[in-house]
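Inspection log for the structure reproduced underneath, given as structure tokens.
2 protein chains.
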Amino acid sequence: MAGEGFRLDPWGTLEVKDYDRLRRVFGIRPFAEVIPALRELGFEPSLHMRRGILFGHRDFDRVVLEGIRRGERVAVLTGFMPSGRFHFGHKLTADQLIYYQRRLGFKVFVAIADAEAFAVRRIPRGEAYRLAVEEYVANLIALGLDPDKTEFYFQTNRGPAYYRLAQLASGKVTAAEMEAIYGDLSPAKMMAALTQVADILHPQLDEYGGYKRVLVPVGVDQDPHLRLTRDIVDRLSGVVELMRPASTYHKLIRGLDGGKMSSSRPDYTIFLTDPPEVARRKIMRALTGGRATAEEQRRLGGVPEACTVYDLYLYHLIPDDSELLGIYKRCRGGELLCGECKRIAAEKLLEFLEKHQSKLEEARETARSILEPPSF
Amino acid sequence: MAGEGFRLDPWGTLEVKDYDRLRRVFGIRPFAEVIPALRELGFEPSLHMRRGILFGHRDFDRVVLEGIRRGERVAVLTGFMPSGRFHFGHKLTADQLIYYQRRLGFKVFVAIADAEAFAVRRIPRGEAYRLAVEEYVANLIALGLDPDKTEFYFQTNRGPAYYRLAQLASGKVTAAEMEAIYGDLSPAKMMAALTQVADILHPQLDEYGGYKRVLVPVGVDQDPHLRLTRDIVDRLSGVVELMRPASTYHKLIRGLDGGKMSSSRPDYTIFLTDPPEVARRKIMRALTGGRATAEEQRRLGGVPEACTVYDLYLYHLIPDDSELLGIYKRCRGGELLCGECKRIAAEKLLEFLEKHQSKLEEARETARSILEPPSF
Numbered sequence: 011m012a013g014e015g016f017r018l019d020p021w022g023t024l025e026v027k028d029y030d031r032l033r034r035v036f037g038i039r040p041f042a043e044v045i046p047a048l049r050e051l052g053f054e055p056s057l058h059m060r061r062g063i064l065f066g067h068r069d070f071d072r073v074v075l076e077g078i079r080r081g082e083r084v085a086v087l088t089g090f091m092p093s094g095r096f097h098f099g100h101k102l103t104a105d106q107l108i109y110y111q112r113r114l115g116f117k118v119f120v121a122i123a124d125a126e127a128f129a130v131r132r133i134p135r136g137e138a139y140r141l142a143v144e145e146y147v148a149n150l151i152a153l154g155l156d157p158d159k160t161e162f163y164f165q166t167n168r169g170p171a172y173y174r175l176a177q178l179a180s181g182k183v184t185a186a187e188m189e190a191i192y193g194d195l196s197p198a199k200m201m202a203a204l205t206q207v208a209d210i211l212h213p214q215l216d217e218y219g220g221y222k223r224v225l226v227p228v229g230v231d232q233d234p235h236l237r238l239t240r241d242i243v244d245r246l247s248g249v250v251e252l253m254r255p256a257s258t259y260h261k262l263i264r265g266l267d268g269g270k271m272s273s274s275r276p277d278y279t280i281f282l283t284d285p286p287e288v289a290r291r292k293i294m295r296a297l298t299g300g301r302a303t304a305e306e307q308r309r310l311g312g313v314p315e316a317c318t319v320y321d322l323y324l325y326h327l328i329p330d331d332s333e334l335l336g337i338y339k340r341c342r343g344g345e346l347l348c349g350e351c352k353r354i355a356a357e358k359l360l361e362f363l364e365k366h367q368s369k370l371e372e373a374r375e376t377a378r379s380i381l382e383p384p385s386f
Numbered sequence: 011m012a013g014e015g016f017r018l019d020p021w022g023t024l025e026v027k028d029y030d031r032l033r034r035v036f037g038i039r040p041f042a043e044v045i046p047a048l049r050e051l052g053f054e055p056s057l058h059m060r061r062g063i064l065f066g067h068r069d070f071d072r073v074v075l076e077g078i079r080r081g082e083r084v085a086v087l088t089g090f091m092p093s094g095r096f097h098f099g100h101k102l103t104a105d106q107l108i109y110y111q112r113r114l115g116f117k118v119f120v121a122i123a124d125a126e127a128f129a130v131r132r133i134p135r136g137e138a139y140r141l142a143v144e145e146y147v148a149n150l151i152a153l154g155l156d157p158d159k160t161e162f163y164f165q166t167n168r169g170p171a172y173y174r175l176a177q178l179a180s181g182k183v184t185a186a187e188m189e190a191i192y193g194d195l196s197p198a199k200m201m202a203a204l205t206q207v208a209d210i211l212h213p214q215l216d217e218y219g220g221y222k223r224v225l226v227p228v229g230v231d232q233d234p235h236l237r238l239t240r241d242i243v244d245r246l247s248g249v250v251e252l253m254r255p256a257s258t259y260h261k262l263i264r265g266l267d268g269g270k271m272s273s274s275r276p277d278y279t280i281f282l283t284d285p286p287e288v289a290r291r292k293i294m295r296a297l298t299g300g301r302a303t304a305e306e307q308r309r310l311g312g313v314p315e316a317c318t319v320y321d322l323y324l325y326h327l328i329p330d331d332s333e334l335l336g337i338y339k340r341c342r343g344g345e346l347l348c349g350e351c352k353r354i355a356a357e358k359l360l361e362f363l364e365k366h367q368s369k370l371e372e373a374r375e376t377a378r379s380i381l382e383p384p385s386f
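Chains A and B supply the protein sequences, listed in that same order. Mapping of the first sequence onto this note's numbering: residues 11 to 386, in sequence order. Mapping of the second sequence onto this note's numbering: residues 11 to 386, in sequence order.
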């Protein structure tokens, strides 16, 4: 049966090693296949695209590339659940938004999933607001997302047409289908799922700009929302005419122990607001692909694929491919040992954090001015 | 087990003969017990109150009467699903709203349950809008509801704080609880139920006037929504402080064949927009409490309790108690036979309809000016 042993749970934990198999099981196309066409249109792929971190897509060609060809407007939308501090896993999504905004000129929508944070994680709305503004929106802006070209919004504060869409969607799916996708469903999770459908589709409404082409870059654990949304688009035909969204799927960056990077695991997660010394300590304790002894490592070489420090280079800290390749070869060849490599990583990380954090206070002020606190 | 054999289904059909038993099973208090206190406060009970049509309540004393005593503001809220034409079953609720507005000075909220109409009955939103304005709101205004003191709104067009309440509510109930109340639940019904919770509670929010005391007059088939709402109020404590609503329960007027009065059964339902001759024909064919022959009826008398024409007198057409009692006695005594009685009923009905319909065009214009059509 398709998907067996591979049920994706957007609210659970996930450790996926074999992305190719995952892709095939769920009918996600390899992203590499659309890179030549993107280049043909005159756009260099992003770091995540060319490094295969962005490994899969649905309809990127039909929706996004075709939209560019026809000169039609494209919007890119993603959501953040304000359930903790902003970390390098979030930055992965942020970088994609910034790429689409700067290079391809797409309008950006950022959903703050406060409804989901309350429903799933019991996060009070005042706290969700604080996290959204001080952590998520502020870090996105400090990373380079242009607030003038971005629509940030709270799920619980989006307006009638958006909620109408969630309500219409509720009439186009059965409980059995939602259970097949999500497992056992509480009313809160059901409503959060329908709200996410509205998130994904609402930029197509006239009330929100009427963007017919919408791209949703997500971690692969969010694919259930996309599959549900695609089915609902088809079934809403005759009620409201919408277009299936395109979606891209990125690999999930690992935490520093090789497990999940998550704000609930702060020792293994680097936050963009970590003080330099805290970040350095985390790096120095990180799980690497090193051998049992220095002698052995000089002889056999390290395993960058198994190294969480290498993950940081690959995803974030070394944008230059030839520099990255140099480190890879020196590790593989046993020349670069983990101690030195961690010092290099810490230096690069601290340089990044210092520069980033210097922009954060101003970004927070901007964030506060954009998003009003909820009334209750 | 409480409620066994008595599961109320707000979306199903219902034929309830034994209201007293129903009341006891669900812990609804008899309305008669609060009438003396209402009189003590200087208010004459309404026709429906004194005739026992309004047969039950929850917290009418603690919420409504106590509110009047303290000089606090009270709001009354009810909802109409725009799924057909406005009939004498709807008028029963309308009369209560008008009583509370005129006599007790309560602010009135009228929810148009267009979300539910789509979710449960598949009624397209354009049609729901048309029915809401041309049938429900127009008839309510023509019956005497003052549009300046009434807030009519669509569920799908109510604004962020209202939807936030539905989302918060979704986190405070389990799927098992909703199934116990409603039976099998589709996502659409679940969302419609949570939307009704928001309907009932949202007048308490500052955004909608901050009415801490809310009364919800409904048919007894709507009690599941009230019970769910009361539980959710308790559980939301600490998140948002709300007060349990009061509710009253009325008996359901029968259709002219003794079954349900419903817009889906037009032959047995008198609509407030029925042309006079159509209404007369329906009355003349109505099921009565008459005997097999005129001779037998003169000897044994009729049974007004079994008569759908008598229902119309009791609920609507004869506000004067002594006149009603006169008819009751003449029927019981075999003096008044069904043919003559139907002619009396038809005359009263046509007089009412003529007067009512003469106000309808202006009421429709007002309704159109109040409620904007939905964008999709």
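Backbone N, C-alpha and C fix where the C-beta goes; we use that ideal spot for every residue, glycine too. Computed from a predicted structure; not experimentally measured.
Query, Result
"Close Cβ partners of Gly467 (chain B) (< 6 Å) along its chain, the five nearest in sequence each way excluded", "Examination of residue 467 (chain B) is not possible in this model, given that chain B is present from 11 through 386 alone."
"As assigned by DSSP and simplified to three states, the class of Gly22 (chain B)", "Bear in mind that a pLDDT of 42 at Gly22 (chain B), under 50, signals an unreliable position, so the model cannot answer this."
"Interface residues of the region 233 to 267 of chain A facing chain B [CB-CB below 8 Å]", "Val249 and Val250"
"Contacting residues, own chain, Cβ-Cβ under 7 Å from Thr23 (chain A) (five flanking each side not counted)", "Note that Thr23 (chain A) scores 38 on pLDDT, short of 50, meaning its location in the model is unreliable; the coordinates nonetheless yield the value given after this. Answer for Thr23 (chain A): Lys270, listed in chain order."
"DSSP state of Pro40 (chain B) mapped onto helix, strand, coil", "strand"
"Status (buried if at least 16 other CB within 10 Å, exposed otherwise) for Lys292 (chain B)", "buried"
"Per-residue burial, Asp216 (chain A) [other beta carbons within 10 Å of its own, 16 or more giving buried]", "exposed"
"Any chain A beta carbon closer than 8 Å to Phe386 (chain B)", "yes"
"Beta-carbon spacing of Gly66 (chain A), Arg33 (chain A) below 8 Å", "yes"
"Three-state secondary structure assigned by DSSP to Lys261 (chain A)", "coil"
"Simplified DSSP state of Arg378 (chain A), which is helix, strand or coil", "helix"
"Integer-rounded CB distance, given that Val228 (chain A) should sit under 8 Å from Thr88 (chain A)", "6 Å"
"Met200 (chain B): contacting residues in chain A (beta-carbon distance under 7 Å)", "Pro197 and Met200"
"Check whether His97 (chain A) and Ile280 (chain A) have beta carbons under 8 Å apart", "yes"
"Spatial distance of Gln206 (chain A) from Asp194 (chain B) (CA atoms)", "24 Å"
"Extent of the continuous alpha helix (DSSP H) run through Tyr325 (chain B)", "Segment: none, Tyr325 (chain B) is in no alpha helix (DSSP H) and carries neither H nor E."
"Nearest candidate by alpha-carbon position, reference Ser196 (chain A), set B:Gly265, B:Lys182, B:Ala171 and B:Glu126", "B:Lys182"
"Residue nearest to Gly387 (chain B) in terms of C-alpha spacing, selected from B:Ala302, B:Ala123 and B:Ala85", "Residue 387 (chain B) cannot be examined here, being either before or after the span of chain B that is shown, 11 to 386."
"Status (buried if at least 16 other CB within 10 Å, exposed otherwise) for Arg295 (chain A)", "exposed"
"Cα-Cα separation between Ala304 (chain B) and Asn149 (chain B), rounded to whole angstroms", "39 Å"
"CB contact check: Pro134 (chain A) to chain B, cutoff 8 Å", "yes"
"Sub-8 Å separation of Val120 (chain B) and Phe162 (chain B) beta-carbons", "yes"
"Close beta carbons around Met188 (chain B), own chain, < 8 Å, minus the five adjacent residues each side", "Leu195, Met200, Ala203 and Leu238"
"Below-8 Å beta-carbon distance, Ser180 (chain A) vs any chain B residue", "yes"
"Contact set between Glu217 (chain B) and chain A, taken where Cβ atoms lie within less than 9 Å", "Ser385 and Phe386"
"Beta-carbon separation (whole angstroms), Gly397 (chain A) vs Ser273 (chain A), contact threshold 8 Å", "Nothing can be reported for residue 397 (chain A): it is not among the residues displayed for chain A, which extend from 11 to 386."
"Where the alpha helix (DSSP H) through Ala121 (chain A) begins and ends", "Careful: Ala121 (chain A) lies outside any alpha helix (DSSP H), inside the beta strand (DSSP E) at Lys117 to Ile122."
"Whole-Å CB distance - Leu107 (chain B) paired with Val86 (chain B), under 8 Å assumed", "6 Å"
"Sequence-distant residues of the same chain with beta carbon closer than 6 Å to Ala142 (chain A), five excluded per side", "Pro92 and Ile122"
"Interface flag, Arg174 (chain B) vs chain A, CB-CB below 8 Å", "yes"
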